[in-house]
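Heads up, the sequence shown is in my numbering, so the first residue is 7 and it goes up one at a time. Working notes for the structure below.
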Amino acid sequence: TALSRGFVASQETDVGPTISFFDPSPEACANFSESISAATLLADAAQVVTTADIVFLAVKPQILPAVLDSIAAVVTTDVLLVSIAAGVTLDVICGRTGSDRVIRVMPNTPCLVGKAATAFSPAQGATATDCAAVQNLLDSVGITYQLPEQCLDAVTGLSGSGPAYIYTVVQALCGGGVAMGLPEDVALQLAAQTAIGAAEMILQTGLPPQQLIDQVTSPGGTTLAGLKVMHDEEISATIIKAVQAATNRSIELGKS
């Protein structure tokens, strides 16, 4: 839903009237229809495959194999399959559908606000035109990289799960501000805007993060005092471990 809503909200991509979908859950169908009123609910997944040019397989990785089995009989090379299920490899998707016109994508939820960080990898049967079409869609909601498939688990661990890490940091910054006497609403806005500003500084200046850290850190100053606590608590190492754990979980999902 997040990706579709991002496509529709984008001023660059007019896909609203052309979206068809199916979900076995009536509640999920109702939520999707409410989010994207122009989308058409079809009778089953097979009908989606037979009527669409590009099919996004937006299901949990644990149930994707069953979904693939349910559509295999109607999948042809006339349709491009795009999977956003974490960990499920191109080999699995191609093997279960009998088609290698497949692209595997790892987006993230900031696509809702046009700030997604996405990577994709095509199977052998996906053409340059297929890749360009998918990249055009994904570029409309953020930045996109085409990478070898072996990189996608790490992408999942970094940017796929990454928004939750950033929310955790923002929440902690807000909590620190409140503990020091700020109103909670003000603290949350200051924390979120600080995260936005810091990210934009990295993207717009092109400077390494450490150089930007040095620019705001004075000997004996307030920033140094805060950074010392973060260093002592091994915050950087903990975040690295979080990315590694999420990456490893993506690999595990691909084997199940």
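Heads up, the beta-carbon is just placed ideally off N, CA and C, and yes, glycines get one too.
Item: Stretch-stretch touch, CB-based, cutoff 8 Å, three pairs: the stretch 116 to 127 with the stretch 156 to 163; Value: yes
Item: Cross-strand partners of Leu-233 (DSSP beta bridge); Value: Paired residue(s): none; Leu-233 is not in a bridge.
Item: Stretch-stretch touch, CB-based, cutoff 8 Å, three pairs: the stretch 97 to 110 with the stretch 65 to 78; Value: yes
Item: Other residues of its chain near Leu-194: CB distance less than 7 Å, five sequence neighbours each side excluded; Value: Cys-180
Item: Pro-23 classed as buried or exposed, judged by whether at least 16 other C-beta atoms fall within 10 angstroms; Value: Annotation note: pLDDT 46 at Pro-23 (below 50); position unreliable, coordinate value reported separately. Looking at its Cβ environment, which holds fewer than 16 other Cβ atoms inside 10 Å, Pro-23 is exposed.
Item: Among Tyr-171, Leu-153, Val-147, Val-81, the one whose alpha carbon lies nearest that of Ala-15; Value: Val-147
Item: Selection from Asp-84, Pro-71, Asn-254, Thr-115 that minimises the alpha carbon distance to Leu-96; Value: Pro-71
Item: Residue range of the unbroken alpha helix (DSSP H) whose run includes Arg-102; Value: 96 to 103
Item: C-alpha gap between Phe-27 and Leu-47, whole angstroms; Value: 5 Å
Item: Neighbourhood of Asp-4 by C-beta distance below 7 Å, restricted to the same chain and skipping five residues each side; Value: In the structure as shown, the chain starts at 7 and stops at 262, and residue 4 therefore has no counterpart that could be examined.
Item: Beta-carbon proximity list for Pro-32, same chain, < 7 Å, skipping 5 on both sides; Value: none
Item: Beta strand (DSSP E) segment containing Gln-152, residue limits; Value: 148 to 152
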